[in-house]
Amino acid sequence: MYASGYAFRETIKSRMGQTTHTRNLLPSSQPDEVFRLAAEGDVFCREIVEEAIPHMSYAFASLVRLTDIDEVILLGTYAEGGDYLRNLLHENIARQLPEVARKNLKIQMGSRQDTETIVAAAALPAIQGHFELQIS
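Counted from 1, the sequence shown has number 130 at position 101 by our numbering; the numbering is strictly sequential.
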C-alpha cells in the first residue's frame with residue numbers, strides 16, 4: 030500500500046501539485062524520469078524517492094528476516110531506479126538486519142522480462158495443482 034509502484038506514482042502526482050519546484054518535471058512525468066533526476070542530484074526528485082525508502086526498506090527487511098532470503102530483485106516501477114535506488118535501499122535495509130544477513134544481502138534490478146517470468150513461475154504451482162485435480 031505504501032511502497033507499491035502505484036503508491037510511488039501517486040506520490041509523484043501529489044507532490045507535483047504541492048510545489049513550484051517542477052522545472053525538471055512535467056505533470057505527466059513517470060517514475061523513470063524521477064529516478065534519473067534524483068540520481069543526478071535534483072533535490073525535489075530525491076525527496077520523492079526518499080519518501081518511499083522507509084516503507085520499502087521495512088517491508089524488504091521484514092521479508093529477509095522472515096524467509097532467510099539474501100537476494101531482493103526489484104521489478105516493475107522500481108526496476109527503473111538504477112544504482113541510485115539500489116544503493117539507497119541496500120543501505121536502509123542493511124541497517125535493519127543482523128550482521129550475518131547484512132553481509133549476504135544483494136539487491137538487483139529486474140526487467141520487464143524478469144517480471145513476466147517471475148509471475149509465470151509463481152503461477153505455475155497453482156495451475157499445475159488445478160490440472161492435477163482435474164485429471165485424477
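Note that CB positions come from ideal geometry on N, CA and C, so glycine has one too.
Considering only the alpha carbon of each residue, which of the options lies closest to residue i?
i, options, result
"Ile122", "Tyr107, Gln59, Arg94, Val78", "Arg94"
"Tyr107", "Arg131, Ile136, Val72", "Ile136"
"Ala32", "Pro83, Ala67, Arg44", "Pro83"
"Arg65", "Leu118, Phe89, Gly110", "Gly110"
"Asn133", "Glu79, Gly105, Asp61, Val101", "Val101"
"Gly105", "Met85, Gly139, Glu76, Val78", "Gly139"
"Glu120", "Arg44, Met85, Thr40", "Met85"
"Tyr113", "Asp97, Ala67, Tyr87", "Ala67"
"Phe89", "Ala36, Arg44, Gly34, Leu118", "Leu118"
Drop a sphere of 10 angstroms on the beta-carbon of residue i, count the other beta-carbons inside from all chains shown, and report buried for 16 or more, exposed for fewer.
i, result
"Gly70", "exposed"
"Lys42", "exposed"
"Ser58", "buried"
"Val72", "exposed"
"Met30", "exposed"
"Leu162", "With a pLDDT of only 48 at Leu162, under 50, the local geometry of the prediction cannot be trusted, and no value is derived from it."
Which partner residues of residue i appear in the DSSP bridge assignment?
i, result
"Ile41", "DSSP, once it has assigned bridges, lists no residue as partnering Ile41."
"Met30", "Answer is none; Met30 lacks a bridge partner."
"Lys135", "Glu100"
**Message:** Runs of 3 residues minimum, wholly inside the segment 54–127: which ones carry the beta strand (DSSP E) assignment?
**Reply:** 100–103
**Message:** Three Cβ pairs or more, each shorter than 8 Å: is that satisfied between the segment 124–139 and the segment 83–98?
**Reply:** yes
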